[in-house]
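Residue numbers (this note's numbering): 32 to 410. Glycine residues also receive a C-beta, built at the ideal position from the N, C-alpha and C atoms. Since the structure is predicted, the reported quantities are computational estimates derived from the model, not experimental observations. The block underneath contains the structure these notes are about, expressed in structure tokens.
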């Protein structure tokens, strides 16, 4: 990201390279002319001397600028830091002692201080900071709508809007979810998750379907929504493709969205193993026993994919009935360590005495060893 003075430095380096190219080009012409007898030695010496002087001057200017830039940059950072700390102390005193902030316009350091306070504080203090930001009419939405704004400026604006959490700025953020730059799309999705409220949540959900974000990024966005995630997750479950549905299923479990459990259960019969596993993880995190889906769990316990068998063993334990006990007893014979571990932990949760029997007389030696290990750890 550009800092003050770096554009001038880049321009200076470009000019130095350009001048060096011209000097080398002139030397090539003069030496070629001398080779064919077109130029005498005085012209060659003159061109060589000019090239050396030009090179020395350019490198001297570049070195001087670098030294001056570092001196300026260090002193400027100290001044910026001091201004930031002054504004932070000023706003903090007004928040806790009462009063009104100074009238805008405010410098950049004042906005940085307010955004940091907005990140740290909740409740009434956060609402007051939000109102101050509205009154100051920050430049970030205008930057996003400007055609000539640079990429770093747009990223800074999106990050600032994410911290500010001003719902009315969502309309400036959503168009960036269709931007060709994936970095800007991700930044816009994060900002939208922080900003969206009410009807804006549905607008965000529709925009996320068009954003083509990877599943990990989608999950991050849904988790940023926190207690506002339910309508967005529900929309993605019903309208999304594989990536969106996977992220929504993961969010159901991690955010404990128990009201959406009925929307998760049908995915236990999903052909895509990743979606089926995500549905199992969601139900397990919700501690919801999937009664009526025992047949699907038994089939998953026999699946050739290890991760499906492990998830099915964990979820089977929530049923807490004789069928689950028999299935987990059999799963102790599974060739996978992780499936045997899930089965033993499930039996411990359901019936510790039954696990003790498995530790003594299970026909599979690895199953007996796993049961003994889980019992020792539980003790």
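Pairing residue 336 with residue 297 gives a Cβ-Cβ distance that is not under 8 Å.
Ranked by Cα distance from residue 318, the options 184, 289, 243, 210 are led by 289. Setting aside the 5 residues that flank it on each side, residue 368 has no residue in the same chain whose C-beta is closer than 6 Å to its C-beta. If only uninterrupted alpha helix (DSSP H) runs of at least 4 residues are considered, those enclosed by the stretch 169-218 are 171-176, 182-195, 201-204.
Under the 10 Å beta carbon count, residue 281 is surrounded by 16 or more other beta carbons and is classified as buried. The C-beta distance from residue 262 to residue 236 rounds to 7 Å, short enough to meet the 8 Å contact threshold.
With contact defined as three or more Cβ pairs closer than 8 Å, the stretch 83-98 and the stretch 127-136 are not in contact. Shown here, residue 104 sits in a helix according to DSSP, grouped into three states.
In this structure, residue 331 sits away from residue 381, with a CB-CB distance that is not shorter than 8 Å. Secondary structure of residue 258 (DSSP, three-state): helix.
Nearest to residue 223 by C-alpha distance, out of 271, 333, 268, 172, is 172.
In the structure shown, residue 118 adopts helical secondary structure according to DSSP, grouped into three states. The stretch 157-167 makes contact with the stretch 128-143: 3 or more CB pairs, one atom from each, lie closer than 8 Å. About 20 Å separates the Cβ atoms of residue 85 and residue 41, ruling out a contact at the 8 Å cut-off.
With contacts defined by Cβ atoms closer than 8 Å, residue 198 and residue 231 form a contacting pair.
Counting along the chain, the unbroken alpha helix (DSSP H) around residue 277 starts and ends at 273-285.
Residue environment analysis places residue 398 among the buried positions, since at least 16 neighbouring C-beta atoms fall within 10 angstroms of its C-beta. In the three-state reduction of the DSSP assignment, residue 408 falls in the helix class. At the C-beta level, residue 283 and residue 306 stay beyond 8 Å of one another.
Around residue 357, the same chain offers no residue with a beta carbon nearer than 6 Å, after the five sequence neighbours per side are excluded. Leaving aside the five residues that flank residue 372 on each side, the residues in its chain whose CB is nearer than 7 Å to its CB run, in chain order, 401. In the three-state reduction of the DSSP assignment, residue 324 falls in the coil class, being assigned neither a helical nor a strand state. The straight-line gap separating the alpha-carbon atoms of residue 88 and residue 49 is approximately 13 Å. Leaving aside the five residues that flank residue 90 on each side, the residues in its chain whose CB is nearer than 8 Å to its CB run, in chain order, 47. DSSP places residue 153 in the coil class of the three-state scheme, outside both helix and strand. The beta carbons of residue 239 and residue 285 sit no closer together than 8 Å. Annotation: residue 298 is outside any alpha helix (DSSP H) and is labelled neither H nor E by DSSP.
Bounds of any alpha helix (DSSP H) do not take in residue 228, whose DSSP letter is neither H nor E. Taking the Cα positions, residue 322 is about 24 Å away from residue 364.
Looking at the backbone, the Cα of residue 149 and that of residue 287 are separated by about 26 Å.
A residue is called buried when at least 16 other Cβ atoms come within 10 angstroms of its Cβ; residue 193 meets this threshold and is buried. Ranked by Cα distance from residue 57, the options 244, 80, 94, 353 are led by 80. Taking 8 Å as the upper bound for CB-CB distance, residue 210 and residue 203 are not in contact here, some 12 Å apart. Cβ contact annotation for residue 257 (same chain, cutoff 8 Å, sequence separation greater than five): 286, in chain order. Rounded to the nearest whole angstrom, the CA to CA distance from residue 247 to residue 162 is 33 Å.
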